[in-house]
Each structure stands twice: as structure tokens, then as C-alpha cells.
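Here's the structure we're looking at; comments come further down.
There are 4 protein chains.
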Amino acid sequence: MSPVNSIADLRDIARRRLPLALFEYIDRGSYDEHTLTRNRADFDALLLRQRVMTDVSRLSLETTVLGERCSMPIGIAPTGLTGLFHRDGEIRAARAAHAAGVPFCLSTMSICSIEDVRAATSGTFWFQLYFMRDRTFTEALMSRAHAAGCPVLVLTLDLPLQALRRRDPKNGLAVPPRLTLKGMRDFILHPRWLVDVMFGKRRTFGNLATFFPRHGTAAISEWMGKQLDNTLTWNDVAWLRDRWPGKLVLKGILDADDARAAAATGVDGIIVSNHGGRQLDGATSTIAALPRVVDATAGRCEVLLDGGIHCGQSVLKGLALGARACMIGRSYLYGLAALGERGVALSLEILRREFEVSMALTGVCDVRNVDRRVLVH
Amino acid sequence: MSPVNSIADLRDIARRRLPLALFEYIDRGSYDEHTLTRNRADFDALLLRQRVMTDVSRLSLETTVLGERCSMPIGIAPTGLTGLFHRDGEIRAARAAHAAGVPFCLSTMSICSIEDVRAATSGTFWFQLYFMRDRTFTEALMSRAHAAGCPVLVLTLDLPLQALRRRDPKNGLAVPPRLTLKGMRDFILHPRWLVDVMFGKRRTFGNLATFFPRHGTAAISEWMGKQLDNTLTWNDVAWLRDRWPGKLVLKGILDADDARAAAATGVDGIIVSNHGGRQLDGATSTIAALPRVVDATAGRCEVLLDGGIHCGQSVLKGLALGARACMIGRSYLYGLAALGERGVALSLEILRREFEVSMALTGVCDVRNVDRRVLVH
Amino acid sequence: MSPVNSIADLRDIARRRLPLALFEYIDRGSYDEHTLTRNRADFDALLLRQRVMTDVSRLSLETTVLGERCSMPIGIAPTGLTGLFHRDGEIRAARAAHAAGVPFCLSTMSICSIEDVRAATSGTFWFQLYFMRDRTFTEALMSRAHAAGCPVLVLTLDLPLQALRRRDPKNGLAVPPRLTLKGMRDFILHPRWLVDVMFGKRRTFGNLATFFPRHGTAAISEWMGKQLDNTLTWNDVAWLRDRWPGKLVLKGILDADDARAAAATGVDGIIVSNHGGRQLDGATSTIAALPRVVDATAGRCEVLLDGGIHCGQSVLKGLALGARACMIGRSYLYGLAALGERGVALSLEILRREFEVSMALTGVCDVRNVDRRVLVH
Amino acid sequence: MSPVNSIADLRDIARRRLPLALFEYIDRGSYDEHTLTRNRADFDALLLRQRVMTDVSRLSLETTVLGERCSMPIGIAPTGLTGLFHRDGEIRAARAAHAAGVPFCLSTMSICSIEDVRAATSGTFWFQLYFMRDRTFTEALMSRAHAAGCPVLVLTLDLPLQALRRRDPKNGLAVPPRLTLKGMRDFILHPRWLVDVMFGKRRTFGNLATFFPRHGTAAISEWMGKQLDNTLTWNDVAWLRDRWPGKLVLKGILDADDARAAAATGVDGIIVSNHGGRQLDGATSTIAALPRVVDATAGRCEVLLDGGIHCGQSVLKGLALGARACMIGRSYLYGLAALGERGVALSLEILRREFEVSMALTGVCDVRNVDRRVLVH
């Protein structure tokens, strides 16, 4: 096998190893994918400032994110269905993140449950929450996350309703799922995945399954769609803020006015995100939105960035424009689907090295000193 | 069959179901198609402003257009030859529009006549008029539309002469039509269309056929070309204004000075249009022209937009820049040619859902509150 | 055969009818062809202003260029080797131009001589001159043009030395020419061309052959390269101005300072040109240069435009920015190579119709009233 | 064989003649190659100002660079592994450069040693130095260069650590090298290269081999990677300045602040470079950086440009923006790999002619008079 030395390489392997429906669930975006495309293109359009004659023998990538030490300013974003891309996907990803010294955030829509991940890993992890119509259920999830020692709760705001990823219904990933002949062929052509994931013990949403022990993945997914609370306002954030004892982070903010409102609720962090180009098509890229959000928060909370991070250079650009750290979704999922835990580790290592080299060549030795001066205006 | 969930999907089916000459009559534009391309590209370049924490549980898409209630700010634009794309095409489209609660506008160049559509449908419809050299004929059309209860007359201004859609003569859609071997093969390869449309009872221009009972489609088309009145000035609009008792709308305005002149004639509405990129190649896109037209009319009449509406996001952008509603041509014709009445309904449903999701994700609950604030500047 | 309704159609036919070496001599540009590409792209980027409700029943395209009446503001630019693309190419082109009522300009590097064209045609024509090191020869050419009744002499300025059209040597169009196996196959595969042109009576530079009766085309071409006078300054224009009794036009000006200098010499016209993207690669497009040249001349002489005119819309844009008329090279050569005299006529007719439609749809009835107001800014 | 008349032609031949690993080592850049792409694209976006009526019969391309006379403002940049692309590659290139009257700069990472090149050539050459952790070794290299009569020492600054050229490990050019089946096939398919280079006598780094007589190329390369001194600051330049008696040039400066610091150390020249798009991906292009560097140095030292020079037009643009001369890497390596010494000569001749034609057509006769006035703003 050819050496794997980029996220694009991991994506190529993942494409071969996964049934099409699952690969495209990771890979694609909503509607015409303009926002998905912009998330990357706007990063690529930024120019870095090459500097020389700085002693770069001692580079430090260490930082703190939401009070926790990280070996580098990269974290693993919450992603749904992760356990379908590799057996015990969330556990493998969490272990790789811990080993690499970076935060891992578990999704409400995970296959492995909070308790599964807690039991199988040693470090702490964050938990991402969807606010449900059923507040009892919402509170139960928070209690379980608290019991598992999660220091950070990430509330996702940009999914009051589900936008359409057009490929999903075409691939039979609709609710209810329809297994077409083409679909069956796809699955049969992926024996590694069949044995590893489908014949493994977990095939349902772990965090929800305790409520629905006899239901399959599809039925719960449908129920979840109906459960998404589309009446939320900033008062509900206050309600949550009162009940969650740890750090609270709001994910899905792209607008300066929203950022001001978020900061005013006293949250600890904001994740600038457009759900990876999977919700509002036509939304601005996250890197374009970042400076406005950073200005609006005026230092009242940490600002993280999510979306379009496909190389370490992008991490540097995100930090230059004010992000405390960058969260990766697709970039680690390609690694997980390609090579399991080792693939996640590899994706983190690739980004780390790219980031490190870019820091050195822009003449910055300590990640905490990265600012706009590494960019060419 | 793969689920149909975009206008592009309907276009793909239409391409397979129609003889090439008819598909390209719908699909293509004039000359080098720069304006056709810009109509879409300029929409796609606009950025939407993602907002969060708005209660979007009660979304209202209802509005009024020219005094009539509509379930959403989308209407069906007048299109020629529609009955050639599906048997009784205009009737099917009108029915689907009525069922969806949106306006349908019948073209002078329709296959089904005003009376056909009136007899076969329950709701009202608009009528589009070409001003003819023969004023008697023009007045007769107006009388028939009035007798059929059409509340709105749409006068098309941007066709004083016909620009060239280069594909049409190549496909044998010239006057007189020449059925080449390639053309014959195309038609034979489309048995559904042959049986449905060609062996159906209507194959001529319904609104004109009463005047030319023994002529075929081609001969009337040629006569129509000669009948286009290229001497029209604003005085003729005044003449029409005096004679038409209902609402009067001018279609084909792209320029601020023309918009001012139009508003001064006391018309009820303007449709910003470049004839779908089928007339002046090099003309600006409709979405680029819209703000100038809206400013120029200063609220004296309603402004609608036509051209480039291939997704619900475009509808939102059109409204953001001041359109009261957006008219669709190709988007519904693909549906009609693909699946008949059901296809028109599907095209409207796809656009409605895309529009609705985009409204919610930009934090607007009532379509009447959409304004420039949903755009990123 | 499919109806021919664009210059691109004529180009397609020409490509099939000509040996590759000759087709690419027409079609391609110098070096990386950036300027060739820009000549068209900069036209296409300009936006036309669609206007309505103007009486366009009486359109007038007639104008005068350098004091001569023309049926439309289009002329045929001087092009080298024209008689190699069709038997008696220059004569056929001149006849088509006369029939269409537009100026034809014969090149120094023509296959048919001044006297050939004079004898075979009825109207007047212009003559293009390369200033030679051998002034006797230069004067002789002027005398012959004068004797033939040419009202206008066009002096080409932008060829003090020859830039490289990279395809020419590859196709064996170098000096001396090398007929490779591939080249031979190309020629044999074009029997129409072989019989029509090669077995016809003219195969050498007519205007030069009287001086070199026993030399072939290649040897004269080489001699010509050495004859190009690269010492020319504005004083030489004055020298010419004194000796030429008719109108004098300078071709190849792209710069405002040069335009001022040209106007100061008292010439009658300037042709804004970059030799069709065949000389300085990296030079600005002609349409981008035009406004600066027009401003600099301040009405002291007529300004024509040459380069990138592939459709009638471009003619309108050229006039909008101050050109008196537009000269076409490739556009008519495709027609000549494709269909001979009929092809030249067709190319002129296509451009005329495209120009006429565009004028009408921008609301201008008389070509003499075209100005910047037909453009959107 | 088709006539070779562009650098792209030489590249095509080199691609066929070299094993893929070596061709891509020359051809490709680091990471996503954004900077590699920009190096060319930013040149191509600049517009040249076509001028006429200047006597261009006596063009002078001669200039001085760092006090040495050159026949034109082009030099051969230091490139690693050059002797692997053609037997005795550095010697062939140096000879071709001398014959053409332009500077040749030998790389520390050359296959032929300083002494090899000295012995086999007649003119002087420059030497490029990597500052090593082992100062004794650094000083030894300087002494050898001095002993060989090198008038100019070029210190490379932009490689404190090695960025990743992703293709290299995939092609087995990693350390240690792995000869895959695909790799073996590639090599076997290039018998000319096998006989010429591999069975020739030199297959190791000549300048380093005297220190490591028994080591192969791979092991030394690995050692070199560790030897790159990443603690360097401007003080080290001062240290070097004191010890090197000839001209000192700093290569790899792209930033105005760095340029000011460089000029303050009293160096004789700066080479604006981003290591050919092989180090910091996302760095600005060299032509975009040039004006800022020129301004910052304020004439205190000469400024050369390196990166993206693929045609003579680029040389003119570089000089227009203040470069004293332009250095070529890939452009000459394609020639060397394609045709050996004759290929290097050809690459220089192609660039010379393109530059000369461009100078003439912008109306400049003496290279020393080129300035911003040849550009269109």
C-alpha cells in the first residue's frame, strides 16, 4: 500500500472500505453543496506569511481549550452514526483522541452510548446534546453525561429541522430505509464492513436505546427527527445553563448578533459551525464567519471553529483569525472508516505535522502566539 | 427508481422522456448562453445568513400576490408549447398549481386554449399576452381571458423580435420544421411521448387555432413571428391599461429606467425577466437587476422575479432583495415532462420544502418578514 | 448538414476541411495564448442593458467608416495567407464583403495580389502595408495600392519582429517548411483542399511574387521576416503620411500614449489591435484597451477595434465603448475555409443578425446612437 | 520529433525520460500545491503594455548581477539531486549556463561535488549553502567553495525543517527508500536513464560524500535532514557574513520585515523565493511578494526572484516589479532531464527569445530600463 500522508489519502481508503450510502453520509452536504464547497475554498484562499530566521527548534503546540490541556489546538467534533463506520467507532475515536492528547466529543446520535465510551476509555470526553421536545429525556441525557464525568456539554443549535442531504435518500439512508438491489450489492461488496460492524453487537443509537430497547436504528432515527425541538430560544439556553454544572458550549453559531446573544448567556464557548455544510446551503463558510464572531464575543468566551479543516494549514488560519482550536469531523471519520483507531490517530498525526510545519515556516514557536500576523493581507 | 428530491432530478427524467428537440427547447438559451448561465450563477454567489435560537415551530409561507392569496411566494410562469411536453400540459400544470395554492399563468403560445384550461380546472389563472400587430386579435384574446375570469393579464415586453436559440434550428424546430433522420429516430425512441402527446387530440396553438382552424402548429408559429408588434411604446401600455379591467403586469423589465416608466403607467406589477436567458445574450441576470428595479418602483407596484429559480434557496434570495414572489419556468417544465401533473406538484413541493428549510435556518418565521437581513453582505 | 447559425459552427466545418497546419495557423495565438483568451473573455464579461418599449421596427445599421458608407459597422481585417485557406481566398472574401456592403482590407501577405483582387472585384478595398527595410519596395506597394484605387492604407505597427505561434513549427509551418509523415497524412486527408488550393494556380505571395518570380512561398516568407523594419518610429509615419494621398490608418495600437502620438501624426484612423493575440502574449485585450485609446484620441481620428469579435454582441459592446466599427479576422476566415465566398457571406450575415437583435433588445434603433448607455456598469 | 519551442515541451520529454519518482520530485510541490499553482497563476494575471514605434533593432539583454556580467537577467537556481536527472547533471548545467553567459548556482545537495564542477567547467559558479548544526562542516563547505573560486554564496533560509512533498513518499523517494514493484517497473522502463545515470559513476551527494565515504545517498539524505539547523537567527547571518569573503545572498525571503532585517545585515542580495512551492503551502507567490521586498530593501541590496518562471514573459514581469534577475529551477531541470546539456541550453534559449520578443513589443530596448511602465495597471 502506498504511504498515507494526507487526509485525502484516508478519504480514498474510506471510500473503498465503506458501502456507498455510509461513505456519502460522511462525505456529502446539503442541497447543491455550495456551503460545503465554500468551507474549504475560503480556507484555501487565505495566504500565509512565510518568515525566516526564527529559532524553531522548540515548537510548542500545547494549549488549553475550555480549561483543559491539549497537546495541540485540534479536537474531535461530535458526529452521528459514528459506530456504523467502524465497529465501536466512538470508542476507537475516543481512545485515539486520548492517546493524542486532544478532546473528543461524543454525539447524542452515537451508536456507542455515553456509558459504553466511559467504560472503554480512560480520559474524559465531551458530550454533545440535542435539545429534545421531551425535557425529561434531555435532562436524563445531561445526568448521564454528568455521571460519566463529561467536563463539557456542547449544545447544537443549527438543527431545529433537518435540511436535505440529497444523496442519503438516493442511497437508501431514508426513514424507513429501503434496501434496493443496488444497495444490497454495495453492502455485499464490503465484507470487512459487514463482519466488523453489522455482525458486531451494536447497531442502534446507544444513547437513545435505553429508552427504546426493542426498536431498531431506523425507528429511533425517525423518532429523533420528531423530537428535535424547533421552539428553542435563548431562554432555553439559560434553562440549560442553570442545570449543567460543567462547561457549556454552543455549536452552530455563524452570525455576529447570535454570537453576542450567546456570550450574554454566560456560556463558556462557541463553536462557529454550519454543520459541516449539511444544513443551510448558501450559508457563509465558517472561516469567513469566524472574525465577525470573535469580534462580537469580545473575549467573553472561547471561540472554536468547525468545518472545512482538511489540513494543518487550515488549523493555523483558524487560529490566526481568533479560534482557540479547530474541530474536525470528516477528517477523522475518513481515518476511522479507513483504518479504525489507527486511522483516527493517523488523521490527527497528519494534521499535527502539517500544522507544526506551517507554524515553523510562519516563524511562530508557540501556538499561543498565533495571531493575524501569520496571514498576508 | 431513485427518489426524486431536486429539480435536477426532474430534469434528468425529462431529458430521457422527451425527444431532444423538445428537451433543448426547454433547457437551452439564446446565442452563447451567457445570460442563461448568469441567471443561476448570480443566485448561487449570494450568501445566506444562518441564524439560531428562533422558535421556528410555526412557519408561515402564505402571502398575497397581486391581491390573491398564495400558499407560498412561487408562481408558474407562462411558457410556450407547454402542451407538447405532456398531453394537456397546460391543464395538468394549472391543476397542480391550484392544488398547491400558487398562481398559474397561461401563455398566448399555449397548446391548450384559454377555454380548455378554464373548462378543465376549478381555480382562476393568469393570462400572458403578446401584443399583436393585429389589434383586433389582441383585443379578442383579452376578451377571452376576461370571459374565462383571469384576474391578471401579463404583458410580455422583451420579445419585439425573436433572438436565436441556436439549438432549435439544429434540432429541426425551425419554421418550417424539417424532420431529419436523426430527428425521426429521436421521436421514435420516445414512444411514451408519441402516444401521449402526438396521438392525443391537441397538436396546435389553442389560443390561435380558433383563428386558423385548418393550419398546423408550424404555420401558426411562423405567422406569430410576423405578428409580434415591434413598434410598441409606453403609449401602447396605456392603451391596454384602459381596456383591461383586471390587474395588469409587465413582464421582461430589467432596467431601472424602464421600471420607472412602467410604474408610471399605473400597472399593478412588474416581472423582472430576461425571458429565461432566451433573448438578449449578455443581459444581466435577473437577481442582479432586481434591487435596481425594486428601488426604481419605490413600492408603486409589486415586483416579481423570473429566471434562474432552480431551488428554494433562490426564492429566499429573491424575496430578500425585494421580490414579492418568484416565477418558475424550466423548474416546473422539467416536472411536467418527467411525470405530468404529479411532476409539477413535485417540483413545487421540492421548492417549497427548500424554501421553508432555508427560511427557518435564517431565523424567519413569516415569509412577509423576509428582507435583506437574511443575506450576508 | 445541420443548420449553420454561429461563427462556432463555421469554425467546426473549417477544422474538418483544412489541413491541421492551416487551421491552427488561423485558430491559435502566440506562446501561452493568454491574450488570445482574454480577447474573448473580456468581451463576454461585459453586460448589456436590456431595454423595452422602444419602437424597433426601423433599425438602421448603416454607418460611415473613414468616410465610406457601410451597411453595418463591421469590416474584414487584413489576414495573411488567406488564399491558402480557399482558392482565390482574398478575391472570394472581397466579393462577399462588397456584396454585404462592408469594407475589405487586403494584406501585404496575401496570396492573391492587389491587381488580382482589383481585376476580379468591382468595389474598392483597403490595403494593409508592412513597412519594409527596403523603402523602394514599400513605395512600390503603395503605388500599386494607389493604382488599384484603394481609398485606405492600413499600416501595421505591432510586428517589428515576429512572436512565436508555437503550433506553427510543430505543424511544419516553419521556414523552411518540413513535410513530416503526419503532415503528409493531414494534407492527403483533405482532398477538397488539395484540389481546390494546391492544384489551383496561385501558391505564393502575390504582392511579393512580382519581385521574386522564381521563389516559392517559403523562401519569400523567410525574406519577409528579414524585411520587417524594426527601426520604425513616429517619424516614419510622417514620411508615409506625406506620400500616401488617401486615408491612413494605424493598426496595432493598444496604449493611450501611443494613441496620442498616433493622433498627433494626423492619421485618419487607429485600429486597436494586439494582432489577434498573435504577438505580445500578456498584452491586454483589445476591448479593455479601447476606452483608453478612445479617450486619448479625443475624437481626432476614428477608432476601430480588432480582436475577439466572435459574435454580434461583441460588435455592440465595441461600439458602446467608442469604436467606429469592428474588424473581423478569424470569424470570416472560418467561413472562407468552410464554405468559400458563401461562408464569408454567412459569417457576415450571422454577425449582422446578432448585432441587429442585440441593438433592438437594448433599445437602440440607429447604430450611430450606440454609446455607453447600452452597457450595465 | 516535433520541434521543441517551449518549456512545456521540455517538460513533456522529461516526463517520458525519467522514472516517475524523479520526474515528480522536480515537478510537484508541497501538500495541496496551492503555492506552486499561485507562483505561475500570479505571473499570468499580470498584463503587459504593448507599445509601438520604438526602434527595436538594437536590443540589449546584458546586465550585471551581483557585480558579474550576464548575457541576460536569468540565472540557474540551486536544485538538489540534479545529477540524478542526467549523468553529471550539475556539470552539464554549469557548462550550458557558462556557454549562455548566465550564472549557475550549485546546490549543497548536488550529486557532483564543488570540486567536480570546478574541474569540469571553465567559468565561475555560485554555491548554495545549507547552514548545518555542525558548524565545522558548514565552514568546510564554505572553504571548499572559496577554494573553487565561487564569487557568490547563497544561503537558503526557508528550510529550517522539511515540508512534505506528498508524492515523494508515494514514489518511494522516502528515507529509507523502498523499491516497490511499481517503482521497479518504472525504473526498468527507463533504460536510457538506467544506463546514463545509475550505471554512471556518481550516485551520492558529492559535497557530503567526502565526509561519509561509505554511505549511500539515502543515509546521507537522512543525516542531512537532521543536520538542518532550525535554531538560526539573524545573528547567524552576521557570523557567516564575517567568514565569507565573497558576495553573500539570502534565499527564501518573502516578507517585507524579513527583507529589512536581511538588508540590515549587509548582504549583497536577496532571492525572493518560496522554495518553488515546496515548503510553506499557502505562502504567497513570489511575484506577489516581490514589490514589498523591493520596497523594504530600498536599494540596499540586489533582489532576485525565484519561482514560477516558466516563460520569458515572466522574466519581464519580474524585472518590471524590481527584480535584478530571475532564477529558474524546474524550467532548466526539464531541459536537463530531457536532453542533457543541450536541453539546458535550449531552455535558456527559449526563455531568452521569449524575453527578448516581449521586451521589444513593450518598447524597451535595454534590459536596464525595464520598469513598472511595461505593465498595465
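Protein chains in written order, with my numbering: chain A, 1 to 377; chain P, 378 to 754; chain Z, 755 to 1131; chain C, 1132 to 1508.
Think of the CB as a built atom: it goes at the ideal place given N, C-alpha and C, for glycine as much as any other residue.
For Thr663 (chain P), no chain Z residue has a Cβ inside 9 angstroms of its Cβ, as the nearest lies near 10 angstroms away.
The C-beta separation of Leu667 (chain P) from Ala700 (chain P) comes to about 6 angstroms, placing the pair in contact by the 8 angstroms criterion. Under the three-state reduction of DSSP output, Ser814 (chain Z) falls in the strand class. Pairing Phe508 (chain P) with Asn759 (chain Z), the inter-Cα distance amounts to about 28 angstroms. For Gly1031 (chain Z), the secondary structure class from DSSP, reduced to helix, strand or coil, is helix.
Looking from the CA of Val1434 (chain C), the closest CA among C:Thr1252, C:Leu1197, C:Arg1266, C:Arg1171 belongs to C:Leu1197. Along the segment 475–497 of chain P, there is no position whose C-beta sits under 8 angstroms from a C-beta of chain A. Within 7 angstroms of the CB of Asn1136 (chain C), no CB atom of chain A is found; the nearest one sits about 34 angstroms away.
Of the other Cβ atoms in all chains shown, fewer than 16 fall within 10 Å of the Cβ of Thr985 (chain Z); this residue is therefore exposed. For Asp295 (chain A), the closest Cβ of chain P is not nearer than 8 angstroms. The alpha carbon of Ile647 (chain P) has as its nearest neighbour, out of P:Cys527, P:Leu534, P:Gly654, the alpha carbon of P:Leu534. Between Met896 (chain Z) and chain P, the shortest Cβ-Cβ separation is not below 8 angstroms. The beta carbon of Asp781 (chain Z) does not come within 8 angstroms of any beta carbon belonging to chain C, so the residue lies off that interface.
Sequence-ordered contacts of the segment 1185–1198 of chain C with chain Z read Thr1185, Asp1186, Val1187, Ser1188 [C-beta pairs closer than 8 angstroms]. According to the DSSP assignment, Trp611 (chain P) belongs to the alpha helix (DSSP H) that extends over 611–620. For Asp842 (chain Z) and Asn1028 (chain Z), the gap between their C-alpha atoms comes out near 27 angstroms.
Just measuring C-alpha positions, the residue of P:Thr513, P:Ala722, P:His567 sitting nearest Gln604 (chain P) is P:Thr513. For Glu410 (chain P), there is no enclosing beta strand (DSSP E), since its DSSP letter is neither H nor E. With fewer than 16 other Cβ atoms inside 10 Å of its own Cβ, Asp242 (chain A) counts as exposed. Straight-line measurement puts the Cα of Ala238 (chain A) at about 16 angstroms from the Cα of Arg133 (chain A). Straight-line spacing of the CA atoms in Asp990 (chain Z) and Ser1478 (chain C) works out to 37 angstroms. Any Cβ of chain C closer than 8 angstroms to the Cβ of Arg889 (chain Z) would place that residue at the interface, and such an atom is absent. Taking the Cα of Gln1293 (chain C) as reference, the smallest distance to any Cα among C:Leu1411, C:Thr1493, C:Leu1190 is reached at C:Leu1411.
With a cut-off of 8 angstroms on Cβ pairs, the segment 1234–1249 of chain C is in contact with the segment 1208–1222 of chain C, counting three or more such pairs. Glu341 (chain A) does not reach chain C, its nearest Cβ partner there being about 22 angstroms away, counting only Cβ pairs nearer than 9 angstroms. Met1458 (chain C) carries a strand assignment under DSSP once its states are collapsed to helix, strand and coil. Closest by C-alpha distance to Ala1250 (chain C), out of C:Ala1276, C:Ala1271, C:Asp1163, is C:Ala1276. By the rule that beta-carbons nearer than 8 angstroms mark a contact, Arg846 (chain Z) does not touch chain P. For Arg1106 (chain Z), no chain P residue has a C-beta closer than 9 angstroms to its own C-beta; the minimum C-beta separation is roughly 12 angstroms.
Secondary structure at Gly602 (chain P): helix, using DSSP grouped into helix, strand and coil. Against chain C, the beta carbon of Thr987 (chain Z) has neighbours under 9 angstroms at Met1184, Thr1185, Asp1186, listed in chain order. For Met896 (chain Z), the secondary structure class from DSSP, reduced to helix, strand or coil, is helix. According to the DSSP assignment, Asp386 (chain P) belongs to the alpha helix (DSSP H) that extends over 384–394.
Cβ neighbours of Ser735 (chain P) within its own chain (closer than 7 angstroms, five residues either side excluded): Leu425, Gly689, Gln690, Leu693. Residues are counted here when their Cβ sits less than 8 angstroms from a Cβ of chain P; for the segment 263–287 of chain A these are Asn274, Gln279, Leu280, Asp281, Gly282, Ala283, Thr284, given in chain order. Per DSSP, the continuous beta strand (DSSP E) segment holding Ile1205 (chain C) begins and ends at 1205–1207.
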